[in-house]
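K.L.:
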Amino acid sequence: MSELILGKTVSESIYAELKERIEALKSKGTTPGLAVVLVGNDPASEVYVRMKGKKCEELGMHSVTITLPEDTAEKDLLKKVSELNNDKNIHGFLVQLPLPSGIDEKTVINAIDPKKDVDCFHPVNVGKMLIGEPEFLPATPAGVQQMLIRSGIETKGKHIVVVGRSNIVGKPMAAMMMQKGDGADSTVTVVHSRTKDLPSITRLADILIVAMGKPNFVTAEMVKDGAVVIDVGTNRVDDPSSAKGSKLVGDVDFEGVKDKVSAISPVPGGVGPMTICMLMANTVSAAEKAVSR
Ligand code: NDP
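This note's numbering runs 1252 ahead of the 1-based position in the sequence shown.
1. In chain order, what residues of the same chain have a beta carbon less than 8 Å from the beta carbon of residue 1472, not counting five sequence neighbours either side?
2. Quick one: measure Cβ to Cβ for residue 1341 and residue 1285, integer angstroms, because I've assumed they're closer than 8 Å.
3. For residue 1444, I'd like the list of residues in its chain whose CB is within less than 7 Å of its CB, leaving aside the five on either flank, ordered along the chain.
4. If you draw a straight line from the C-alpha of residue 1517 to the C-alpha of residue 1388, how long is it?
5. Can you find the residues in the same chain that come closer than 7 Å, C-beta to C-beta, to residue 1282, ignoring five residues on each side of it along the sequence?
6. Rounding to the nearest angstrom, what Cα-Cα distance links residue 1502 and residue 1405 in this structure?
7. Measure the C-alpha to C-alpha separation of residue 1431 and residue 1493 and round it to an integer number of angstroms.
8. Just mark residue 1524 as buried or exposed, buried being the case when its beta carbon has 16 or more other beta carbons within 10 Å.
9. CA-CA distance, residue 1327 and residue 1314?
10. Report the residue from 1410, 1265 and 1364 whose alpha carbon sits nearest the alpha carbon of residue 1339.
11. Indicate whether the contact test is met: 3 or more Cβ pairs, each with one atom in the segment 1355-1375 and one in the segment 1436-1454, closer than 8 Å.
12. Are the Cβ atoms of residue 1480 and residue 1452 separated by less than 8 Å?
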């Protein structure tokens, strides 16, 4: 059986470090503050926003949740963004995506002060990350990188294949792993839906990072013996045997792959807890930078 890379364990070690940094900030009179703006009542977004607020409270951070109705005009949301840009008690904030139709996501993201953009979605922050001078790292790829680092998995000189090229996961993941330095220095290949003969490329991966949104897509034949597999995919599928009638599965056929690889992250319990953890880390960093400015 391969090693299991568990986001819960990795995130706990990061939270322990964050608590110390938060205490240090508080002793200097600053409580790191995170605001989350939720527009409308998308049930999945409501769950994420609640989880973020709860985690802030657990860590002793200042947490603000702003809920706006589904029919909020773009200009009113932009006004709220401007208020948060100028709020001294808020060191980082995000506008929960997706936004209702009628509001342009890009316009909203571009209005966020890059110094408070803890999701790392603002083009300035994406560019800084790409040139290796990050203000913040995007939460999910940063979480995957921490899972590799804290599991002692060498990335230097390793061939990483990233499946997926979204702006939220695949693209920044690839950009981060090709940077110079510890936890990176990898040779990176990115594959996507237009890639020809995808299995012939995924089989070359020393480390395979999968972010497709396709349940159980990656099977044992697509993976090299002894590879490390990180499954970002989170897919809800029917499961008549469970009380809920559904269950979460990843993009990787975990049962088929687990005995072939040296390490693998399961779903659930793998990457899942890391995104909020890295969001908290970005907020603490934002507060530290604000204090030192
Ligand atoms: P997107 O749908 O934005 O991107 C999916 C990517 O996978 C695209 O680049 C797409 O290619 C590629 N793809 C889709 N089908 C295939 C295929 N048959 N062969 C090769 N490539 C394919 O998804 P996200 O990146 O936002 O998310 C990916 C998964 O990760 C989802 O399951 C999501 O729920 C999960 N996720 C989990 C998080 C967490 O655990 N904390 C956080 C964020 C996401 P193309 O560009 O050509 O269309």
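Ideal Cβ positions, reconstructed from N, Cα and C, are used throughout, including at glycine. Model, not experiment: these values are computed from the prediction.
P.N.:
The structure says:
1. 1505, 1508, 1509 and 1512
2. 5 Å
3. 1416 and 1417
4. 24 Å
5. 1539 and 1543
6. 21 Å
7. 45 Å
8. buried
9. 26 Å
10. 1364
11. no
12. no
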